[in-house]
Amino acid sequence: MTAPTPADSFTPRLLTCDLLYTGLGGAQSPGGVVVVGGTVAATGHPDELRRAYPHAHETAVGGVIAPPPVNAHTHLDMSAYDFRALPYFRWIPEVVVGQRERRGVAGALAGAQELARLRVGGVGDIVFAPDVMDALLDRADLTGVLYFELFAPKPELADETLARLRALVAAWRRRERPGGLRLGVTPHTPFTVSARLMRLAAEFAAGEGLPMQIHVAEHPSERELFATGAGPLWDNRLKALMPDTFAEVIGRDPHPDLTPVRYLDELGVLAARPTLVHMVNVTPDDVARVARAGCAVVTCPRSNHHLECGVFPWAAFAAAGVEVALGTDSVASGESLDVREEVAFARQLHPALDPRVIVRAAVKGGHRVLGSRAPFIRRGEAWRDEYVWAGYTGA
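According to the UniProt record's numbering, the residues represented by the sequence shown are 1 to 395, in order.
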């Protein structure tokens, strides 16, 4: 293919697609973008653009035109793991524990490189260890939030854990740069972080302006754990790691009506507006509580499917006005770090959901979770080839 002459470079090009999301308002289907000399001249319905630019050279790019999607939840330090689709209670010992020697800085750097290659709009990464944070924080090729993870179910360790977090954050914050990666905090789950530490971490994050993520209601056994204090989650995963009873962790007795979301709400944690990740196994009351608190949620469709956790009730959250974003989770459960593939899978998993809602969530929802802003595809803005999502059908 020959390079265009200067005259050719200013000939209008009309790029048409199944679905257009400009970063403003809602998405539209079908859509089109007129590009002149590397600058966006117009966006809209293809028929209107053909009338306005009758001499434009038209190319049907298909699929989606939108700003790059955001990977709002992943575990980059597990990027050297092999992907395996297994039931949840097999996946943890056979993959997370079984491949633990592969977890760390090398995997995190490889995952970060892959995200940069994919030109993601931003990343929300869960950082398990300080050396991983040290390796990632100075990267200039990514934007988003690095959430340092807390795991401490024993209440007597809460103050010591928080003091360590304060010291680490104070040192790391001196390395933050405008427009670069920022610090966040992630208490791992409502059942692996004591009630005292969960409350202290939420207060600390709110006071310091640190974004927060929490894994919540991923597997059905979580609801049983909060309702009874027992069940497969306690027997197969937690009994060897925790205090003698689950009640010691949450500071109260389990109750048939208690859910992980209700627990966080009554503990006062939702008032800090953390982003809640997974949220597959929830009740209508849970959805209402999340909406009232103004929390966003991140769904990881492929990971939830591969681990047999269930299907995220997207329609219920959308009806309640909750902001939804997408993440890939780790490659060990999500298979890849390409959030465009997550969008395509979500389209198959939620056939009744308008695909425009899914694409908007991947872009605007992700940026809202990370506290950033999507670039706009509008008149006068520079055109970028990565706005064409290759291989995804938006119809």
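The beta-carbon is built from N, C-alpha and C at its ideal position, and this holds for glycine as well.
Assigned exposure category for L15 - 16 Cβ within 10 Å defines buried: Stepping through the sequence shown from its first residue, residue 15 is reached at position 15. Counting the other CB atoms within 10 Å of its CB gives L15 a total of 16 or more, which places it among the buried residues.
Secondary structure, beta strand (DSSP E): runs of 3+ residues fully inside the segment 351 to 387: The segment 351 to 387 contains no whole beta strand (DSSP E) run of 3 or more residues.
Sufficient close CB pairs (3 or more, under 8 Å) joining the segment 36 to 54 to the segment 321 to 337: As far as the Cβ criterion goes, the segment 36 to 54 does not touch the segment 321 to 337, which means the pair count is below three.
Distance between P130 and L168 (C-alpha atoms, nearest Å): Residue numbering aside, residue 168 sits at position 168 when the sequence shown is read from its first letter. Residue numbering aside, residue 130 sits at position 130 when the sequence shown is read from its first letter. Spanning the two alpha carbons is a distance of roughly 8 Å.
Specify the secondary structure class of A217 as computed by DSSP and reduced to three states. Here the question's residue 217 lines up with position 217 in the sequence shown. If DSSP states are grouped into helix, strand and coil, A217 belongs with coil.
Beta-carbon proximity of A361 to V324, cut-off 8 Å: Counting from one through the sequence shown, the residue named residue 361 turns up at place 361. Counting from one through the sequence shown, the residue named residue 324 turns up at place 324. Yes, the pair counts as a contact, with Cβ atoms nearer than the cut-off.
Strictly under 8 Å for the Cβ-Cβ distance: is R252 near chain B by that measure? Considering every chain present, this structure includes no chain B. It has just one protein chain.
Decide if V369 is buried, meaning its Cβ has at least 16 other Cβ atoms within 10 Å, or exposed. For the purposes of this step, residue 369 is taken as the residue at position 369 of the sequence shown. It counts as buried.
Indicate the three-state DSSP secondary structure (helix, strand or coil) for F204 in the structure shown. Reading the sequence shown from its first residue, position 204 is the one you call residue 204. DSSP places F204 in helix when its eight states are reduced to three.
Hey, is the segment 96 to 115 in contact with the segment 233 to 246, meaning 3+ C-beta pairs nearer than 8 Å? By the Cβ rule, the segment 96 to 115 does not count as touching the segment 233 to 246, because fewer than three pairs are nearer than 8 Å.
In the DSSP assignment, what residue or residues form a beta bridge with C17? Position 17 of the sequence shown holds residue 17. G31, per the DSSP bridge assignment.
Rounding to the nearest angstrom, what Cα-Cα distance links A206 and L267 in this structure? Within the sequence shown, residue 206 is the residue found at index 206, counting from 1. Within the sequence shown, residue 267 is the residue found at index 267, counting from 1. Those two C-alpha atoms are separated by around 15 Å.
Just verifying my parser: in three-state terms, what is the DSSP assignment at V298? Numbered from its first residue, the sequence shown carries residue 298 at position 298. In this structure, DSSP gives V298 an extended state, which the three-state scheme calls strand.
Using the Cα positions of R378 and P355, report the straight-line distance between them to the nearest angstrom. To locate residue 378, count along the sequence shown from 1; it is residue 378. To locate residue 355, count along the sequence shown from 1; it is residue 355. The alpha-carbon of R378 is positioned some 21 Å away from that of P355.
Just to confirm the assignment: which complete beta strand (DSSP E) runs, minimum length 3, are found wholly within the segment 122 to 190? Runs of the beta strand (DSSP E) lying entirely within the segment 122 to 190, each at least 3 residues long, are 123 to 127, 144 to 150 and 181 to 187 in chain order.
Report the three-state DSSP secondary structure of T228 (helix, strand or coil). Translated into positions along the sequence shown, residue 228 becomes position 228. T228 falls in the helix class under three-state DSSP.
Range covered by the alpha helix (DSSP H) that runs through E48: Along the sequence shown, read from residue 1 onward, the residue named residue 48 stands at position 48. In the DSSP assignment, E48 falls within the unbroken alpha helix (DSSP H) covering P46 to A52.
Per DSSP, which one or two residues make a beta bridge with H57? Position 57 of the sequence shown, counted from the start, is the residue given in the question as residue 57. Partner(s): R13.
Just the C-alpha distance for C17 and V261, rounded to the nearest angstrom, thanks. Along the sequence shown, read from residue 1 onward, the residue named residue 17 stands at position 17. Along the sequence shown, read from residue 1 onward, the residue named residue 261 stands at position 261. Going from the Cα of C17 to the Cα of V261 covers about 40 Å.
Does the Cβ of H367 have 16 or more other Cβ atoms within 10 Å, making it buried, or fewer, making it exposed? Position 367 of the sequence shown holds residue 367. H367 comes out buried.
Coil, strand or helix - M279 by DSSP: Reading the sequence shown from its first residue, position 279 is the one you call residue 279. Coil at M279, not helix or strand.
Helix, strand or coil at L258 [DSSP, three-state]: Numbered from 1 along the sequence shown, position 258 holds the residue referred to as residue 258. In this structure, L258 counts as coil in the three-state DSSP scheme.
Alpha carbons only, please: which of A52, T22, I358 and W172 is nearest the one belonging to Y147? As a first step, residue 147 is located in the sequence shown; it is residue number 147 there, counting from the start. It is W172.
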